[in-house]
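With the numbering used here, letter number 380 in the sequence shown gets 382, and the count goes up by one each step, no holes. To start, the structure itself, in C-alpha cells.
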Amino acid sequence: MIQKVNGTGARGIILLALFICGATGAFACSAVPRTTLALYDGTREAEPRDTRIHRHAELVLNHLGQRVIYHDLSQGGAPPVDPAEVRLVLSWLDEPAEGLADLDGWLAQEAFCDGGPRIVAMGSLSPWTDLPPATAQRALQAMGIAIDGVVHAVGASTQVSGRDAALTDHEADYLILPDEYAGVTATPAGRSLLQLTSQGSVIDLAVLGPAGGYLQDGAAVQMDAQGQAAWITDPFAVFGQVLDQDAVPRPDPTTRQGLRSFFVTVAPEGWLDVMPTRSFGEPERLASEVLVERLVEPFADLPMSVAVLAGDLLPGLGGPLADRGRQAASRAFAAPHVQGAVQGFSDIRDWSFFAAYDPGREAALLEAPQVAADRGALVTSAVLTLRDAFAQTGASTFSRTPGAPRKYAAQGFDLEAELGGAIAQVSALTPDDRPARLYRWSGNARPFEAALAAQAATGLPAMGGGGGVMDAVRPLLSGLSPLSVQVGAQRQVHDALGGDAALTGDWTSPLHGFHGFGQTLAHTEEPRRLRPVQLSFAARSAIHFETRRAIEIQLDMARTAPVVPIRAADHVAAVMGFHSARIAPEGPDLWRVSDRGGLHTLRLDAAADRAVDMARSSGVMGARRKGDSLYVALDPGVPAPLVALAEGADSSGVLPGAPAPVLAASRLIVERWDRSDCAVRMELSGFAEGDVTLAGTPQARYGVAISGIDEGQAHPVTADAAGHLVIRVPAAPGGLRGLSVQGEC
Numbered sequence: 003m004i005q006k007v008n009g010t011g012a013r014g015i016i017l018l019a020l021f022i023c024g025a026t027g028a029f030a031c032s033a034v035p036r037t038t039l040a041l042y043d044g045t046r047e048a049e050p051r052d053t054r055i056h057r058h059a060e061l062v063l064n065h066l067g068q069r070v071i072y073h074d075l076s077q078g079g080a081p082p083v084d085p086a087e088v089r090l091v092l093s094w095l096d097e098p099a100e101g102l103a104d105l106d107g108w109l110a111q112e113a114f115c116d117g118g119p120r121i122v123a124m125g126s127l128s129p130w131t132d133l134p135p136a137t138a139q140r141a142l143q144a145m146g147i148a149i150d151g152v153v154h155a156v157g158a159s160t161q162v163s164g165r166d167a168a169l170t171d172h173e174a175d176y177l178i179l180p181d182e183y184a185g186v187t188a189t190p191a192g193r194s195l196l197q198l199t200s201q202g203s204v205i206d207l208a209v210l211g212p213a214g215g216y217l218q219d220g221a222a223v224q225m226d227a228q229g230q231a232a233w234i235t236d237p238f239a240v241f242g243q244v245l246d247q248d249a250v251p252r253p254d255p256t257t258r259q260g261l262r263s264f265f266v267t268v269a270p271e272g273w274l275d276v277m278p279t280r281s282f283g284e285p286e287r288l289a290s291e292v293l294v295e296r297l298v299e300p301f302a303d304l305p306m307s308v309a310v311l312a313g314d315l316l317p318g319l320g321g322p323l324a325d326r327g328r329q330a331a332s333r334a335f336a337a338p339h340v341q342g343a344v345q346g347f348s349d350i351r352d353w354s355f356f357a358a359y360d361p362g363r364e365a366a367l368l369e370a371p372q373v374a375a376d377r378g379a380l381v382t383s384a385v386l387t388l389r390d391a392f393a394q395t396g397a398s399t400f401s402r403t404p405g406a407p408r409k410y411a412a413q414g415f416d417l418e419a420e421l422g423g424a425i426a427q428v429s430a431l432t433p434d435d436r437p438a439r440l441y442r443w444s445g446n447a448r449p450f451e452a453a454l455a456a457q458a459a460t461g462l463p464a465m466g467g468g469g470g471v472m473d474a475v476r477p478l479l480s481g482l483s484p485l486s487v488q489v490g491a492q493r494q495v496h497d498a499l500g501g502d503a504a505l506t507g508d509w510t511s512p513l514h515g516f517h518g519f520g521q522t523l524a525h526t527e528e529p530r531r532l533r534p535v536q537l538s539f540a541a542r543s544a545i546h547f548e549t550r551r552a553i554e555i556q557l558d559m560a561r562t563a564p565v566v567p568i569r570a571a572d573h574v575a576a577v578m579g580f581h582s583a584r585i586a587p588e589g590p591d592l593w594r595v596s597d598r599g600g601l602h603t604l605r606l607d608a609a610a611d612r613a614v615d616m617a618r619s620s621g622v623m624g625a626r627r628k629g630d631s632l633y634v635a636l637d638p639g640v641p642a643p644l645v646a647l648a649e650g651a652d653s654s655g656v657l658p659g660a661p662a663p664v665l666a667a668s669r670l671i672v673e674r675w676d677r678s679d680c681a682v683r684m685e686l687s688g689f690a691e692g693d694v695t696l697a698g699t700p701q702a703r704y705g706v707a708i709s710g711i712d713e714g715q716a717h718p719v720t721a722d723a724a725g726h727l728v729i730r731v732p733a734a735p736g737g738l739r740g741l742s743v744q745g746e747c
C-alpha cells in the first residue's frame with residue numbers, strides 16, 4: 003500500500019527537528035550513538051538471522067562501527083533500546099506491517115542524540131508511510147524523498163535517466179526489473195543516485211537525504227547469475243554518508259597492535275575417521291592422530307584452539323576407536339600452543355529440533371532410515387564422505403539416518419550434558435592449568451535463545467556459524483556474515499571466515515578448493531579490512547592430501563605474514579567488546595573509551611590528515627596507517643583510555659613529540675605497557691620470536707634491552723629514515739619477555 007501523507011502541526015515540527023537537525027554533527031549526549039535499530043516483520047522473516055538486513059547490511063554497518071539491534075514490528079511494543087544510543091533506524095520490508103503505534107511513540111521521544119536518528123528505508127516505504135501523517139512526513143523529509151501515491155508500471159520502454167557513477171554499479175550493474183514501482187522522487191534536499199523514466203514519469207530508486215536515505219529493492223541488491231545477492235549501490239558509501247561518523251573512532255575487532263589478527267580453530271568432524279591405507283598390512287591411522295602429528299605439533303609457534311566432541315571419546319558411543327581418539331585429544335591438549343575447546347556432547351546438527359524437545363518425535367525419526375535430503379542425488383549422504391566409508395561409527399545415528407538431528411541419541415537430549423557436562427569431560431583431558439576455554443556451536447550453528455543463555459552461564463566464550471567466503475567465484479559481500487547475530491536477548495558470535503567445509507562443499511566437491519582460501523583473505527583485506535584471519539579446518543581434512551597441504555601452506559604463510567597470532571577466545575572477547583564499547587566525547591577531538599572488554603583497537607576512516615596526539619592521550623600505545631584509515635592501539639592495562647586526535651599527516655599516525663617511541667605494530671602480544679617521555683617498557687607474550695615495530699625520531703639512537711638476553715643489558719639501535727625500530731624479541735608459551743627502549747633525554 004502506498005499512502006500519501008500530509009499535515010504537520012506542532013508535533014510534526016518536533017519530529018522534523020529530531021530527524022533532520024542531526025546533520026550538524028554535534029553530539030548532545032554523553033556517548034556517541036552506535037546503535038542501528040533494525041525493523042523487521044516476524045511474520046515474513048522469522049528471526050533476525052533470516053532478515054535481509056542481517057544477511058546483506060549488518061556486515062557493512064558493523065564495519066562502520068554500528069551494533070545492530072532488531073525489533074519485530076509484528077510483536078508490537080516499543081523498540082528495546084535506549085533512544086540515546088540510536089544513530090540509525092533502518093527498515094527493509096515488502097509489505098505494510100502491524101504494531102506501529104508504539105514505534106510512533108518511541109520516535110517522538112526527545113532523548114535522541116545529535117538531533118535524532120537517521121532514517122533509511124529499503125524496499126517498501128512501510129512502516130514509514132503507515133505511521134501517523136506528521137511522523138510519516140518528517141521521515142520522508144529526512145530521507146529526502148516525496149511520494150505521489152501512484153503505482154508506476156516499469157517495463158520495456160523504461161530507461162535509466164540518472165545514475166551516480168561513483169555510488170552505483172558497485173558489485174553488479176543495475177538492470178531494470180519490470181514490475182510496479184512506487185512513485186518516489188528526490189526532493190531538492192535529496193540527492194538522487196539512481197533514476198528511471200517510465201512513460202514520462204520520473205522514479206527515483208536510490209536517494210540520499212539530509213538525515214537518511216531510500217533504496218528501492220532492485221537498487222539495493224540484485225541476484226547475479228549464480229543466485230547470489232550483489233550490491234548495486236555502494237553500501238559503505240551510502241551508509242557511511244548517512245551515519246556521518248568518520249570523525250569518530252570506531253571499534254575494530256579485526257586488528258590488534260596495528261596488525262590483522264590471526265587465529266586457528268580446529269573442529270572435531272571426522273575425529274574418528276580412519277585414513278585409507280596405501281598398502282596391504284599398513285597400520286590404520288585416525289584422522290585425529292594425523293591431525294596432531296602433521297598439523298598441530300609441527301606448528302608450535304602458532305596458537306590453536308582444538309575442539310573435540312565429548313561423545314566421540316566414550317567407547318559406548320564413539321565405538322572401538324574412541325579410546326584412540328581420546329588419546330589423540332590428550333596429546334593435542336598437552337601442546338603448550340593448544341587451547342582446548344568443546345563442541346558439545348552429541349553433535350547436534352539441527353538446534354531448532356531441540357528448542358521444544360519431543361523424545362517421541364526423535365525416536366520416530368530415527369526408526370525411519372532416510373536418504374539424503376536431495377533425493378535426486380545418485381548416492382546418499384551416507385557415502386559422500388570418508389567418515390561413512392571407512393569409520394567405525396559406533397552408536398552414530400548418521401550411519402542409518404543421515405538426516406538425524408544429532409549424532410548420538412542413545413539418551414534423551416540434555417542441554418546440561420551438551421554444555422557443562424561436555425566442558426567438564428574435555429577439561430579432564432587438558433593440563434590442570436589450561437582447562438577448555440572455548441565452546442564451538444555444532445551442526446547448523448543456530449542455537450536457540452535458551453541454549454545461548456545456558457552457555458553464557460558457563461563462562462566460556464562461544465562462537466560458531468556465520469563465517470563466509472569471498473573468493474574469485476563469489477566476490478560478493480553477501481558471502482560474508484556479520485560479526486554476530488541477535489537471538490532474543492542473547493548474542494551469538496560468528497566465525498570470522500569459512501573454512502575447509504565451506505570451500506570443499508563439506509568434502510563432497512573437489513578438495514583442492516581449500517587452496518582458494520587465500521582469495522578470501524585478499525578480498526577481506528583490500529580495499530578495506532573486513533575480517534581477521536581465521537583458519538578453520540576439521541580433523542577430517544588431515545587425511546586428505548589436498549586439504550592437508552592447503553592447511554600447511556596457510557600455517558607456513560602465517561609465520562611470516564603481517565599478522566598477530568591470538569587465541570580464538572580472544573577474538574570472541576574482541577567482538578563482544580565491540581558491542582559493549584562506549585565512546586564518549588570529552589572535548590574537541592578527545593574521546594573516552596570504556597566498557598570495551600577484550601577490544602584493543604579503534605579505527606578512524608578518511609583520516610589521511612589525522613593523527614594521534616600522544617601528549618593529550620592516555621592508555622594509547624600508538625597507531626598505524628592503512629590506506630586512509632588510522633588504527634589506534636589501546637593499552638590492555640587501561641580500562642578507559644583517552645584518545646586525543648589532531649591534524650597531522652605523519653606516516654606513523656602519531657604527532658611527533660617526546661623522545662620515547664610509540665607502538666606501530668607487534669606480532670607478540672603486549673601484556674603490559676609503560677611509556678614515559680624518555681622510555682617505553684613493555685612485557686610481551688607469544689609462542690615464538692616476533693618483531694616489535696616502534697615509531698620514533700628518524701635516525702635517532704635508542705638503547706634497547708630485552709630481559710633474559712645479555713643479562714638485560716641495553717644495546718644501541720638507530721631508527722631508520724622513517725623513524726622505525728624493528729626489534730626481534732624471542733618468546734615462548736607461558737612466559738613473559740620484557741622489552742625496554744630508552745630514548746635520548
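Glycine residues also receive a C-beta, built at the ideal position from the N, C-alpha and C atoms.
- Between the alpha carbons of I568 and V640 lies a distance of about 20 Å.
- In the structure shown, the three-state DSSP call for M616 is coil.
- In the DSSP assignment, E673 falls within the unbroken beta strand (DSSP E) covering 671-677.
- Contact between R594 and A586 holds, with the beta-carbon distance rounding to 5 Å and staying under 8 Å.
- If you look at P587, you'll find it isn't in any alpha helix (DSSP H); it sits in the beta strand (DSSP E) that goes 584-589.
- Non-local C-beta neighbours of R439 in its own chain, meaning closer than 6 Å and more than five positions away in sequence, comprise Q341, A571, ordered along the chain.
- Taking the CA atoms as reference points, L417 sits about 56 Å from G725.
- At a Cβ-Cβ threshold of 9 Å, R739 and L665 do not count as neighbours.
- Annotation: the continuous alpha helix (DSSP H) that includes M559 extends over 547-562.
- If you draw a straight line from the Cα of T189 to the Cα of D206, it is about 10 Å long.
- With three or more CB-CB distances shorter than 8 Å, the segment 146-164 counts as touching the segment 177-194.
- Between A330 and L293, the C-beta spacing is below 9 Å.
- In terms of Cβ geometry, P534 and Q494 do not form a close pair [threshold 9 Å].
- Counting every other CB atom within 10 Å of its CB across the protein chains shown gives G589 a total below 16, marking it as exposed.
- Between the alpha carbons of G692 and E271 lies a distance of about 33 Å.
- Between A635 and Q77, the CB-CB gap reaches or exceeds 9 Å.
- Secondary structure of R626 (DSSP, three-state): strand.
- Annotated three-state conformation of F264 is strand, per DSSP.
- Beyond the five residues adjoining it in sequence on each side, S709 comes within less than 7 Å, by CB distance, of R739, G740 in the same chain, given in chain order.
- Put simply, the backbone Cα of R605 is about 36 Å away from that of A148.
- Distances from the CA of G101 to each of P278, G44, P50, V83 were compared; the closest alpha carbon is that of G44.
- Exclusion of the five residues before and after S332 leaves L431 as the residues of its chain whose Cβ lies within less than 7 Å of its Cβ.
- Less than 9 Å separates the beta-carbon of D104 from that of P81.
- For L207, the enclosing beta strand (DSSP E) has its first and last residue at 203-211.
- D52 carries a helical assignment under DSSP once its states are collapsed to helix, strand and coil.
- Looking at the backbone, the Cα of Y410 and that of L462 are separated by about 23 Å.
- Of P85, S93, R89, P129, the smallest CA-CA separation from A99 is found for P129.
- Sixteen is the threshold: when 16 or more other Cβ atoms of the shown chains lie within 10 Å of the Cβ of Q556, as they do, the residue is buried.
- Annotation: the continuous beta strand (DSSP E) that includes G164 extends over 161-165.
- Per DSSP, the unbroken alpha helix (DSSP H) holding P237 starts and ends at 237-245.
- Residue environment for Q228: exposed (fewer than 16 other C-beta atoms within 10 angstroms of its C-beta).
- Within the same chain, and ignoring the five residues on either side of E173 in sequence, the residues whose Cβ sits closer than 6 Å to its Cβ are A232, W233, L478.
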